[in-house]
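Notes follow once the structure below has been shown.
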Amino acid sequence: FLLPVVHVIVCLLPPLILIAAVTHTMQHNGVSLTRRDLATQFAYGAIGATAIAITLEMLAAGTAMLLGILGVAVLPGGSEKMQMLTRLMQSPATLTTPERLLDVISAPALVIGLGLLVAVATPMIEEFVKSLGVPLAASLRPVTHSQAFAFGLIAGAGFSLMEALFYGLAGLPHNWVAPVLTRAATVVIHGAATGLMGVAWYEALHRRTGRFVLYAAAGIGLHGLWNAMGGLQALA
22 FLLPVVHVIV CLLPPLILIA AVTHTMQHNG VSLTRRDLAT QFAYGAIGAT
72 AIAITLEMLA AGTAMLLGIL GVAVLPGGSE KMQMLTRLMQ SPATLTTPER
122 LLDVISAPAL VIGLGLLVAV ATPMIEEFVK SLGVPLAASL RPVTHSQAFA
172 FGLIAGAGFS LMEALFYGLA GLPHNWVAPV LTRAATVVIH GAATGLMGVA
222 WYEALHRRTG RFVLYAAAGI GLHGLWNAMG GLQALA
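Going by the numbering used here, the sequence shown opens with residue 22, and the numbers climb by one from there.
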């Protein structure tokens, strides 16, 4: 009974600590951040952005899979490779024999497709979606450069909370610590990346296209690099 409660508390602490540290410093330096701002952006990141991102990522994954299959099929010997891959996937031995499973995972088309999905498509989708609270807030009242960063960071922290809850829950009760600790570190990446994307929206709203591209690339690139490192570690 206590473990689910502890799980929620432990997952909630890192985002709240990050938000408290950053917003306290910014408010001390004269940046106006109300409780309503904090609650709205955090709730959007945790609930709204998560739901939208999951939907778009499922569509992206399905599209990538379809394109990958078509790409392999049109290559010389592609139909034979697809038949071999299908047989491997359908074989029960593939799931129980590490060597055969590695043959499936290390198929070039699959590696490239997964790499693009994890390190490029997913960060782009998530950063654009998580940071939408910035232009929405700006449509209601003027938003400063610092507020845009703070709003993005808070939404990113909210998004990371849902990730931590999900990944940690999957590890209950015996493999709980490792994913929760990993997600605790990820909150900084989500916060910083979406903060940069929030600034990108600020620049876009002021019609500074070059700066928008720069900040957007920085936010998406940071997230993509983190995902790529995680993917390489998983393969290792």
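The C-beta atom is built at its ideal place from N, Cα and C for all residues, glycine as well. The structure presented is a predicted model; accordingly, all values stated were derived computationally and were not measured.
Enclosing alpha helix (DSSP H) for residue i [first to last residue]
| i | result |
| --- | --- |
| tyrosine 188 | 166–191 |
| threonine 143 | 143–151 |
| isoleucine 68 | Per DSSP, isoleucine 68 belongs to no alpha helix (DSSP H) and is neither H nor E. |
Collapsed DSSP secondary structure at residue i in the structure displayed
| i | result |
| --- | --- |
| histidine 227 | coil |
| leucine 87 | helix |
| arginine 162 | coil |
| tryptophan 222 | helix |
| asparagine 50 | coil |
| threonine 55 | coil |
| tryptophan 247 | helix |
| histidine 195 | coil |
Buried/exposed call for residue i, threshold 16 Cβ in 10 Å
| i | result |
| --- | --- |
| glycine 189 | buried |
| arginine 204 | buried |
| glycine 231 | exposed |
| alanine 221 | buried |
| histidine 211 | buried |
| leucine 217 | buried |
| glutamine 104 | exposed |
| alanine 159 | buried |
| alanine 213 | buried |
| leucine 182 | buried |
| leucine 38 | The identity of residue 38 in the sequence shown is isoleucine, whereas the question assumes leucine. Per the 10 Å Cβ criterion, exposed. |
| histidine 244 | buried |
| valine 150 | buried |
| threonine 215 | buried |
| proline 200 | buried |
| alanine 41 | exposed |
| proline 144 | buried |
Cβ separation of residue i and residue j, assumed to be a contact under 8 Å, to the nearest whole Å
| i | j | result |
| --- | --- | --- |
| glycine 179 | proline 36 | 7 Å |
| threonine 71 | leucine 59 | Not confirmed; about 18 Å, so no contact. |
| alanine 169 | glycine 251 | With 8 Å as the limit, alanine 169 and glycine 251 do not qualify as a contact, their Cβ atoms being about 27 Å apart. |
| histidine 28 | leucine 193 | 7 Å |
| glutamate 148 | isoleucine 241 | 5 Å |
| glutamine 62 | isoleucine 133 | At roughly 36 Å, the Cβ-Cβ gap does not stay under 8 Å, so glutamine 62 and isoleucine 133 are not in contact. |
| proline 156 | leucine 77 | Between leucine 77 and proline 156 the Cβ distance is about 17 Å, and since that is not below 8 Å, they are no contact. |
| valine 95 | serine 167 | That belief does not hold up - the Cβ atoms of valine 95 and serine 167 are roughly 51 Å apart, past 8 Å. |
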